[in-house]
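Enquirer: Per the working numbering, residue 1164 is the first one in the sequence shown, and the count goes up by one each step.
Ideal Cβ placement from N, Cα and C applies to all residues, glycine included.
Nothing here was measured: the structure is a model prediction, and the numbers come from that model.
Sharing a structure with you now.
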Amino acid sequence: MLIPGCYRPYTQICPSSWLDPLDGSATAWISLWSVKYLQASFHPTDVSSSRRKSRKAHFSAPSSVRRKIMSSPLSKELRTKYSVRSLPIRKDDEVRIVRGKYKDREGKVTQVYRKKWVIHVDRVQRDKSNGASVPIGIHPSKVVITTIKLDKDRRATLDRKDRSKNVKPAGDVQMADVRLSPRFLQPDSRPSSELI
1164 MLIPGCYRPY TQICPSSWLD PLDGSATAWI SLWSVKYLQA SFHPTDVSSS
1214 RRKSRKAHFS APSSVRRKIM SSPLSKELRT KYSVRSLPIR KDDEVRIVRG
1264 KYKDREGKVT QVYRKKWVIH VDRVQRDKSN GASVPIGIHP SKVVITTIKL
1314 DKDRRATLDR KDRSKNVKPA GDVQMADVRL SPRFLQPDSR PSSELI
């Protein structure tokens, strides 16, 4: 019998001594350890922990994904007002730079440059040798949003992310019984050395 999402038969995961003595099926007496082991076996197969694949996914991300990655935290005043921690940054937001050479500078976002993972802030620029001035890119994680450019979509996003609305009522916590079969209610008669 194969378990969904797992490439090994159940009998290879659990020793044959764990099989149900009544019908010999794979509905075994499963210890807590083996349940944890089975949960690890059900881990989604499409998620990689490879550094190389993570970096490739990040740097080749489409613009819609980059928008979400390029989020900035809200200032303390806005955080208490809207009960939201961060938002994807957009043009015309007002920000304060909190890290780097331009720390404590404030200004309006003039451009969100998703291709280069940076934003351009008003009056944060340098002069070139030919006299032209060019904006300096600032990473969105190094700024704090002080004024939000509100429109219909932004209000909807704030309402959706509002933590005060999504708080579950504080009551007694109920323990759910997640055992697979009523037979698990019987005490396990095997010695503890077999359980591990």
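Could you check where the alpha helix (DSSP H) with residue 1231 kicks off and where it finishes?
Expert: The sequence position of residue 1231 within the sequence shown is 68, counting from 1. Counting along the chain, the alpha helix (DSSP H) containing residue 1231 begins and ends at 1226 to 1232.
Enquirer: How far does the alpha helix (DSSP H) with residue 1221 in it reach, from first residue to last?
Expert: Taking the sequence shown and counting its residues from 1, one reaches residue 1221 at position 58. Per DSSP, residue 1221 belongs to the alpha helix (DSSP H) from 1214 to 1222.
Enquirer: Residue 1237: buried (16+ other C-beta within 10 angstroms of its C-beta) or exposed?
Expert: As a position in the sequence shown, residue 1237 is number 74, starting the count at 1. Label assigned to residue 1237: buried.
Enquirer: Measure the alpha-carbon distance for residue 1284 versus residue 1307 and round it to whole angstroms.
Expert: What you label residue 1284 is simply residue 121 of the sequence shown in a count that begins at 1. What you label residue 1307 is simply residue 144 of the sequence shown in a count that begins at 1. Their Cα atoms are separated by approximately 12 Å.
Enquirer: Among the residues of its own chain, which have a CB less than 7 Å from the CB of residue 1379, if the five just before and after it don't count?
Expert: There is no way to answer for residue 1379, as the model of the chain reaches only from 1164 to 1359.
Enquirer: So for residue 1254, helix, strand or coil by DSSP?
Expert: Translated into positions along the sequence shown, residue 1254 becomes position 91. If DSSP states are grouped into helix, strand and coil, residue 1254 belongs with coil.
Enquirer: Relative to the alpha-carbon of residue 1225, which residue among 1280, 1271, 1266, 1270 has its alpha-carbon at the smallest distance?
Expert: Taking the first residue of the sequence shown as 1, we reach residue 1225 at position 62. The shortest Cα separation from residue 1225 among 1280, 1271, 1266, 1270 belongs to 1280.
Enquirer: Among 1303, 1329, 1315, 1327, which residue has its Cα nearest to the Cα of residue 1250?
Expert: Along the sequence shown, read from residue 1 onward, the residue named residue 1250 stands at position 87. Considering only alpha carbons, the answer is 1303.
Enquirer: By the DSSP assignment, the beta strand (DSSP E) with residue 1289 in it spans what residues?
Expert: Against the sequence shown, residue 1289 aligns to sequence position 126. Per DSSP, residue 1289 belongs to the beta strand (DSSP E) from 1281 to 1290.
Enquirer: Run through DSSP, which three-state label would residue 1235 get?
Expert: Taking the sequence shown and counting its residues from 1, the one referred to as residue 1235 is at position 72. Three-state DSSP puts residue 1235 in a strand.
Enquirer: Are the region 1240 to 1247 and the region 1320 to 1327 in contact at 8 Å, needing three or more beta carbon pairs?
Expert: Counting Cβ pairs under 8 Å, three or more are found: they touch.
Enquirer: Tell me the DSSP secondary structure of residue 1243 in three-state form.
Expert: Taking the sequence shown and counting its residues from 1, the one referred to as residue 1243 is at position 80. In the structure shown, residue 1243 sits in a helix (DSSP, three-state: H, G or I).
Enquirer: Apart from the five residues on each side of it in sequence, which residues of its chain come closer than 8 Å, Cβ to Cβ, to residue 1317?
Expert: Start at 1 with the first residue of the sequence shown, and residue 1317 comes out as number 154. 1250, 1253, 1311.
Enquirer: Is residue 1256 buried or exposed, if buried means 16 or more other CB atoms sit within 10 Å of its CB?
Expert: Mapped onto the sequence shown, residue 1256 falls at position 93. The residue is buried, with at least 16 neighbouring Cβ atoms inside 10 Å.
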